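Asks: Protein sequences appear in the order of chains A and B. In our numbering, each residue's number is its place in the first sequence (first place is 1) plus 247. In our numbering, each residue's number is its place in the second sequence (first place is 1) plus 247. For every residue, glycine included, the Cβ atom is placed at its ideal position computed from N, Cα and C. All values reported here derive from a predicted model rather than from experimental measurement.
2 protein chains.
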Amino acid sequence: MGPKIKFTKEQIIDAAFEIANTEGIDNITMRKIAEKMGSSVAPIYLNFKDVNELIEALMDRIVGVSQQLLIEESTGNPFDDIGRASLRFAREYSVLFRNLVMKNNSYMKGYNEQMLPVLIQEMKNDPELEGFTVDELNTILLKMRIFQLGLSVMVANGLLPEDYKNQDLMDILSSTADDVILSARIRKSQLK
Amino acid sequence: MGPKIKFTKEQIIDAAFEIANTEGIDNITMRKIAEKMGSSVAPIYLNFKDVNELIEALMDRIVGVSQQLLIEESTGNPFDDIGRASLRFAREYSVLFRNLVMKNNSYMKGYNEQMLPVLIQEMKNDPELEGFTVDELNTILLKMRIFQLGLSVMVANGLLPEDYKNQDLMDILSSTADDVILSARIRKSQLK
DNA sequence: TATAATATATAACAAGTGTTATATAATACA
DNA sequence: TGTATTATATAACACTTGTTATATATTATA
Numbered sequence: 248m249g250p251k252i253k254f255t256k257e258q259i260i261d262a263a264f265e266i267a268n269t270e271g272i273d274n275i276t277m278r279k280i281a282e283k284m285g286s287s288v289a290p291i292y293l294n295f296k297d298v299n300e301l302i303e304a305l306m307d308r309i310v311g312v313s314q315q316l317l318i319e320e321s322t323g324n325p326f327d328d329i330g331r332a333s334l335r336f337a338r339e340y341s342v343l344f345r346n347l348v349m350k351n352n353s354y355m356k357g358y359n360e361q362m363l364p365v366l367i368q369e370m371k372n373d374p375e376l377e378g379f380t381v382d383e384l385n386t387i388l389l390k391m392r393i394f395q396l397g398l399s400v401m402v403a404n405g406l407l408p409e410d411y412k413n414q415d416l417m418d419i420l421s422s423t424a425d426d427v428i429l430s431a432r433i434r435k436s437q438l439k
Numbered sequence: 248m249g250p251k252i253k254f255t256k257e258q259i260i261d262a263a264f265e266i267a268n269t270e271g272i273d274n275i276t277m278r279k280i281a282e283k284m285g286s287s288v289a290p291i292y293l294n295f296k297d298v299n300e301l302i303e304a305l306m307d308r309i310v311g312v313s314q315q316l317l318i319e320e321s322t323g324n325p326f327d328d329i330g331r332a333s334l335r336f337a338r339e340y341s342v343l344f345r346n347l348v349m350k351n352n353s354y355m356k357g358y359n360e361q362m363l364p365v366l367i368q369e370m371k372n373d374p375e376l377e378g379f380t381v382d383e384l385n386t387i388l389l390k391m392r393i394f395q396l397g398l399s400v401m402v403a404n405g406l407l408p409e410d411y412k413n414q415d416l417m418d419i420l421s422s423t424a425d426d427v428i429l430s431a432r433i434r435k436s437q438l439k
């Protein structure tokens with residue numbers, strides 16, 4: 248019916264992703280994407296109604312990448328896995344991570360609301376957390392989410408010592424988890 | 248020598264600050280500032296060489312505002328004060344806060360490097376922290392900085408329950424501080 | 001092979017940007 | 001009072017942006 252397709256939706260999103268991860272989402276332009284693909288802007292407008300539709304597709308891609316990291320880091324302990332995956336995302340895609348934090352978009356909220364019940368359920372099955380009420384588990388989880396977010400922001404912004412390896416990050420994450428759990432345990436026993 | 252000055256440097260920065268705190272720093276334009284002041288762009292260019300110089304002045308203003316918050320929250324305990332001031336900044340100037348986090352600029356790094364020695368010194372004088380080595384104090388401080396940053400980001404992004412008041416934030420902050428310190432104490436005694 | 005369909009390139013448009021040249025008018029001082 | 005100074009307004013400039021109209025060229029199919 249027509250000439251062969253040289254520039255697919257996927258290629259366009261690839262190019263947009265690359266720009267987003269180096270210059271930030273706000274610095275994406277149609278012409279930059281075209282230039283990165285070696286095309287004009289015409290193929291972009293054939294695949295996307297307008298720039299909003301393209302950014303939406305890009306957001307889906309970004310969420311997909313973060314989920315892919317979570318799959319790759321999967322060891323069976325969702326608590327550790329999410330920590331490891333988030334830290335990898337913050338380090339390997341720091342510009343995108345900062346963009347997501349900055350945007351205050353619904354992705355973070357949705358992501359949380361989706362993950363939280365799973366994590367609480369996992370905590371209930373964790374022998375280390377036996378005996379805690381749901382309220383207490385929620386407090387522990389909240390503290391750890393806060394800490395992990397702070398750690399991720401620090402990683403993304405290069406605010407940690409340069410010699411900090413991924414293992415060091417996981418160590419401080421689990422060390423603080425221990426702190427929170429141990430203290431909750433003590434607090435609980437003192438009330439008896 | 249000439250007509251009365253109707254638009255001062257300060258008014259210009261005021262207008263820029265207002266735009267920055269509602270739309271973000273990247274959305275500042277000369278014409279928007281002028282419109283907010285009810286002027287043309289001419290007074291702006293009389294006071295600032297170009298947009299970069301203006302943004303620089305705006306950054307100084309933002310740092311000033313955050314320092315003003317720190318002064319207002321000053322109760323003598325720098326640890327608490329910084330927490331309270333940071334959380335207020337994250338809540339009352341959430342767009343600016345996210346902008347600063349996003350930008351990965353030197354302000355955060357400089358701010359940290361300036362504050363850290365003061366805090367460590369303060370910790371050395373804190374009776375609650377007696378007996379810890381400098382290394383141990385550094386670990387405690389790092390954990391608390393991470394937690395506070397995470398909490399601030401959550402506040403700025405509205406990721407916490409809506410009924411969370413400032414006092415609740417301070418409570419969870421100091422509760423986690425207790426967790427970290429108590430656990431460090433226990434860890435220390437177990438090593439003996 | 002001729003034709004219809006269409007992927008792509010080019011160029012233009014309108015809107016918005018930073019910046020500057022020019023004109024205007026208000027003030028202080030001789 | 002007249003004049004030099006200068007704060008301000010207006011308008012234009014060059015550039016970038018998203019978007020679209022038009023032209024071109026390539027492919028499958030009749």
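What number of angstroms, rounded off, separates the C-alpha of A:Gly397 from the C-alpha of B:Gln395?
Replies: Taking the straight line from one Cα to the other gives about 7 angstroms.
Asks: For A:Ile275, name the three-state secondary structure that DSSP assigns.
Replies: Looking at A:Ile275 - three-state DSSP - the assignment turns out to be coil, as it is neither helix nor strand.
Asks: Evaluate A:Gly330 with the Cβ neighbour count: other Cβ atoms within 10 Å of its Cβ, from every protein chain shown; 16 or more gives buried, anything less gives exposed.
Replies: So A:Gly330 counts as buried.
Asks: Please classify B:Asp418: does DSSP put it in a helix, a strand, or coil?
Replies: If DSSP states are grouped into helix, strand and coil, B:Asp418 belongs with the helices.
Asks: Terminal residues of the continuous alpha helix (DSSP H) containing A:Lys328?
Replies: As written in the sequence, residue 328 of chain A is Asp, which differs from the Lys given in the question. Note, A:Asp328: alpha helix (DSSP H), Pro325 to Glu339.
Asks: Measuring alpha carbon to alpha carbon, tell me which residue in B:Ile367, B:Ser333 and B:Gln361 is nearest B:Met401.
Replies: Here the closest residue by C-alpha is B:Ser333.
Asks: Skipping 5 residues on each side, what residues in its chain have a beta carbon closer than 7 angstroms to that of A:Lys390?
Replies: Cβ within range, chain order: Val427.
Asks: For A:Tyr340 and A:Asn404, which I take to be in contact (beta-carbon distance under 8 angstroms), what is that distance rounded to the nearest angstrom?
Replies: Contact flag wrong, Cβ pair sits at about 13 angstroms.
Asks: By the three-class DSSP mapping on this structure, what secondary structure does B:Tyr411 have?
Replies: Residue state, collapsed to three classes: coil.
Asks: Can you tell me which of the three DSSP states A:Pro364 falls into?
Replies: A:Pro364: helix per DSSP, three-state reduction.
Asks: Suppose the cutoff is 8 angstroms on Cβ atoms and the five residues either side in sequence are ignored; what does the same chain contact list for A:Leu305 look like?
Replies: Cβ within range, chain order: Ile260, Ala263, Phe264, Ala267, Ile272 and Ile275.
Asks: Please go through the same chain and pick out, in chain order, the residues whose beta-carbon is closer than 6 angstroms to the beta-carbon of B:Ile393, but skip the five residues on each side of it.
Replies: None.
Asks: Helix, strand or coil, according to DSSP, for A:Ile393 in the structure here?
Replies: Helix, per DSSP.
Asks: Over the uninterrupted alpha helix (DSSP H) stretch that includes A:Glu320, give me the two end residues.
Replies: From DSSP, A:Glu320 is part of no alpha helix (DSSP H); its letter is neither H nor E.
Asks: When you check each C-beta in the region 329–346 of chain B against every C-beta of chain A, which residues fall closer than 9 angstroms?
Replies: If the cut-off is 9 angstroms between Cβ atoms, the region 329–346 of chain B has Ser341, Val342, Arg345 and Asn346 near chain A.
Asks: Could you confirm whether any beta carbon from chain A is found closer than 8 angstroms to the beta carbon of B:Thr380?
Replies: Taking Cβ atoms only, chain A never reaches closer than 8 angstroms to B:Thr380, which makes this a no.
Asks: Between which two residues does the alpha helix (DSSP H) containing A:Leu376 stretch?
Replies: No alpha helix (DSSP H) contains A:Leu376, which DSSP labels as neither H nor E.
Asks: Would you kindly check if the distance between the Cβ of B:Asp425 and the Cβ of A:Ser430 is under 8 angstroms?
Replies: Yes. Within cutoff.
Asks: Listing by chain order, which chain B residues have their CB less than 8 angstroms from the CB of A:Met277?
Replies: What A:Met277 touches in chain B: nothing, since even the nearest Cβ is about 19 angstroms away.
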